[in-house]
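Chains as they are written, first to last, in my numbering: chain A, 347 to 789; chain B, 347 to 789. Note that the Cβ used here is the ideal one computed from N, Cα and C, for glycine as well. For clarity, every value in this text was computed on a predicted model and none was experimentally measured. For reference, the structure is listed below as structure tokens.
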């Protein structure tokens, strides 16, 4: 989000970037790190939002360190030029899109892993380090970063700015639970440090937590202190068909009450399974059932995994499951996870879509999913939902492929608004892990 | 803390409570809930701070609901009367002591458990519900609240206001990780709701997290949505003597790297063991060793506990432990935990003391403990430390029993300041779980 966007100013409130500003930016960041020209900055005009919307920055600056970030912000504040910070651009809500032009502050050069502290299970990273790069670097240290938002090319700075969640939040929590401290540059150019290499603190307001999820509207994050964990030695995936979503979601608290703590519990329905089958040409086992849970187990021993799986099987069979499918080996286990991860790209390939990322109390999932679907039906827009049954985070997709473009443009915001209202009415919020960006601001 | 204290006003900046204000308070909260008179309000003049310091409120008000809390705050803001919210008064830093007189806002009547939601593992409570009362109520639901700050009579509102931690933070985290939402009254009287019955949210600034640990300086918390867990079916405690603190603390990352996640890992040295032995007249096994770890294991099966204990034993014996003591039964296990819990009350009984609650990165514990001790020696003040090895939270105690009172009064703040500086120099902060209260404000 633009730093100055909170009171929804218009383009006219801002100053344009002129030659003098570009010279000053070059003095700060080095001539090679300042990019102008429509063809060169075009790659920074959108993110992975399903309904792509292009906003060109006037200039792209790629500072190499915190001091430069602070000086750029100070300059922009003095000249009233909007600034949009950007990580790796894998967001889906337009959070890094320079809606008001101005300076696109790309943190891509700040991609160093500054420290891996094996004694304290801490990594200190610059914002553009990706989840994939961090976990690769951690391997030889016997450590890992357990937050798994599904997009391993996401920059860690971006996951902090949006408080990214993901599939494994049931056990490991969200980004917020793993950030121990930050360095950030304020709009004035001042640099602050928050937190440190410790979990506990009762010393003043928690500015770390205030900055997490603030989507760049308060400060630009320039360094992140992350809490690491020990990678599980064993894992298993259970695929569990049910006659209906009520039974499937109803089994979740019972699974947890048995004392198992799966890394993730996903739910899906027949509709999305059918779309994946059509896309891949491969049949998903038990595909005739109405609803499914996918339970991801992690453990340090095989015995522990077996024991957990046995308890979950019993609970599910006692509560309406048609069976519990355990993939016969690592390859089919991987295929199951990949099937789940393919949902979004497969739907995206199907034609124009729109995505909502609502969170409701876990027990309200079936109600929300059914009402979202019938909202779509009422307007003639197919709606497909799936998501994280363990934490109530539902990804709702509107499919536009069978609508003509003007009808789609007209109906899309109407259905989205109704779905958001529905989520809030059921005790939820409109974004669980994607952030608001500018795309959801109106809601 | 007083709501208006942030810029350190003096008593003269405030208005006194007069008859008219008392009448208005009675209209808001009911006549029976407004208390005046030195003998009646004296119980609200201090907390459990080791160096007791009495500050009398002018009036004690005990509102019964959120609306009344809001109206009291509004009245106080209009009349410029300081307000100090108070839970159960079990804090140790003076956070609930009415330093500037005025209104003591006791939340003691707001002690209802409003909801226990078995499907979503959520409890909604008023602030004066104690940890003990909540866990008793949760028993029949097969749920529990895992944060364990050691004082089960603490009000939940107080643990939220201070972000209380405790012994089991290694596995379960601190209060901050278990609060999903809040209702709070602002100084204007307006009531806000934050968060909800969900773990994930990427929807705007996280006001829940901002209020947690703010010690009543931003708002008065009137309702708390808590995330619950499943109580462990089995537990074990390991008591592990080492030749020195370096070895003991050095074993902690190795234990965790083996993939065990104990609920708590405590460290202690011979000095505190000696004091406890003297106090109880009972010998602690292996008491000749220099340092000890106490590892608290939780699990859903006995097999899991055994397996964890076996791995920890191996790691500790490979890294300088003299042995691993497993208590022979539930009674001796309980005695071990009680011994650890008796440290603070035993030290408190020994004479005048002072306590610091510093957090340093886990690996800096030995360095911090040694330097804190030698700081004390240099000033002739005995210093004893113990604490949470798993999270770097060290409780440092200054013992005043052998100093004459004037010497103690003179040296105490000097040694405390040096110890706080030391903690910060080692990358830490001055409070890990107690909060600042007014007692640490100067530091």
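Nearest-angstrom Cα distance between residue i and residue j?
i             : j             : result
residue 353/A : residue 758/A : Residue placement at residue 353/A is poorly supported in this model, since its pLDDT is 43, which falls under 50; the coordinates still yield a value, given next. Taking the straight line joining both Cα atoms gives about 26 Å.
residue 410/A : residue 702/A : 35 Å
residue 629/B : residue 619/B : 9 Å
residue 770/A : residue 732/A : 18 Å
residue 406/B : residue 559/B : 24 Å
residue 695/A : residue 716/A : 24 Å
residue 609/A : residue 541/A : 27 Å
residue 368/B : residue 479/B : 32 Å
residue 682/B : residue 607/B : 20 Å
residue 463/B : residue 532/B : 27 Å
residue 553/B : residue 487/A : 36 Å
residue 291/A : residue 408/A : Since the first residue shown for chain A is 347 and the last is 789, residue 291/A is missing from the structure and cannot be characterised.
residue 528/B : residue 508/B : 14 Å
residue 787/B : residue 693/B : 24 Å
residue 577/B : residue 750/A : 54 Å
residue 513/B : residue 434/B : 20 Å
residue 470/A : residue 447/A : 32 Å
residue 744/B : residue 605/A : 42 Å
residue 492/B : residue 493/A : 22 Å
residue 303/A : residue 523/A : Any question about residue 303/A goes unanswered here, given that chain A covers just 347 to 789.
Sorted by chain position, which residues of the same chain lie with C-beta nearer than 8 Å to residue i's C-beta, five sequence neighbours on each side aside?
i             : result
residue 579/B : 645, 646 and 647
residue 687/A : 496
residue 663/A : 669 and 670
residue 735/A : 594, 595, 598, 611, 612, 613, 639, 708 and 711
residue 746/B : 697, 698, 699, 700, 727, 754 and 758
residue 561/A : 347, 441, 507, 508, 781, 782 and 783
residue 436/B : 393, 394, 497, 499, 500, 501 and 504
residue 721/B : 729, 761, 764, 765 and 768
Residues bridged to residue i by DSSP?
i             : result
residue 734/A : 612/A and 739/A
residue 407/A : 380/A and 451/A
residue 582/B : 643/B
residue 569/B : 529/B
residue 432/A : 452/A
residue 541/B : 527/B
residue 777/A : 703/A
residue 575/A : 490/A
Measuring from the CB of residue i, is there a heavy atom of the ligand PLP at a distance below 6 Å?
i             : result
residue 532/A : With respect to the ligand PLP, the structure shown offers nothing to examine, as it has no ligands at all.
Which whole-angstrom value describes the C-beta separation of residue i and residue j, a residue pair presumed to lie in contact below a C-beta threshold of 8 Å?
i             : j             : result
residue 586/B : residue 670/B : 5 Å
residue 525/B : residue 449/B : With 8 Å as the limit, residue 525/B and residue 449/B do not qualify as a contact, their Cβ atoms being about 26 Å apart.
residue 374/B : residue 414/B : 5 Å
residue 555/B : residue 555/A : 4 Å
residue 591/B : residue 637/B : 4 Å
residue 328/B : residue 650/A : Residue 328/B falls outside the range modelled here, since chain B spans only 347 to 789, and no answer is possible.
residue 537/B : residue 451/B : Not quite, the Cβ-Cβ distance comes to about 15 Å (not below 8 Å), so this is no contact.
residue 431/B : residue 445/B : About 13 Å; that fails the 8 Å criterion.
With a threshold of 6 Å on Cβ separation, who are the neighbours of residue i within its own chain once the five nearest residues in sequence on each side are excluded?
i             : result
residue 351/A : Only weak support exists for where residue 351/A lies, its pLDDT of 38 falling under 50; the value from the coordinates is given anyway. Nothing meets the Cβ criterion.
residue 400/B : 391 and 392
residue 484/B : 490
residue 633/B : 619
Take residue i and list the residues in its own chain whose beta-carbon comes closer than 7 Å to its own, dropping the five residues that flank it on each side.
i             : result
residue 425/A : 361 and 367
residue 535/B : 416, 417, 419 and 420
residue 706/B : 714, 738, 740, 769, 772, 773 and 774
residue 439/B : 395, 780, 781, 782, 783, 785 and 786
residue 666/B : 588, 589 and 593
Handout entry: Under 7 Å (Cβ pairs) to chain A, residues found in the stretch 612-623 of chain B
Key = none
Problem - Under 8 Å (Cβ pairs) to chain A, residues found in the stretch 507-537 of chain B - result: 508, 509, 510, 511, 515, 519, 520, 522 and 523
Problem - Interfacial residues, the stretch 479-511 of chain A to chain B, with Cβ spacing under 7 Å - result: 488, 508, 509 and 511
Exercise for the section: Identify each residue in the stretch 695-711 of chain B for which the Cβ-Cβ distance to at least one residue of chain A is less than 8 Å, and report them in chain order. Expected result: 703, 705, 706, 707, 708 and 709
Practice task
Scan the stretch 593-611 of chain A for residues whose Cβ lies nearer than 7 Å to a Cβ of chain B and list them as they occur along the chain.
Solution key: 599, 602, 603 and 605
Practice task
Would you list, in chain order, the members of the stretch 457-479 of chain B that have their beta-carbon closer than 9 Å to a beta-carbon of chain A?
Solution key: 463, 464, 465, 466, 467 and 468
Problem - the stretch 548-560 of chain A: positions lying closer than 8 Å to chain B by Cβ - result: Under the 8 Å Cβ criterion, the stretch 548-560 of chain A contributes 548, 549, 550, 551, 552, 555, 556, 558, 559 and 560.
Problem - Chain-ordered residues of the stretch 362-384 of chain B with a beta carbon less than 8 Å from chain A - result: none
Problem - Residues within the stretch 648-663 of chain B neighbouring chain A, beta-carbon criterion of under 9 Å - result: 649, 650, 653, 654 and 657
Exercise for the section: Could you list the residues in the stretch 392-410 of chain A with a C-beta less than 8 Å from some C-beta on chain B, going in chain order? Expected result: Those would be none; no residue qualifies.
Exercise for the section: Name, going along the chain, the residues of the stretch 722-756 of chain A whose beta-carbon falls closer than 8 Å to a beta-carbon of chain B. Expected result: 734, 737, 738 and 739
Problem - Proximal residues, the stretch 570-592 of chain B versus chain A, C-beta separation under 7 Å - result: 576 and 579
Handout entry: Residues of the stretch 769-782 of chain B with Cβ closer than 7 Å to any Cβ of chain A, in chain order
Key = 773, 774, 775, 776, 777, 778, 779, 780, 781 and 782
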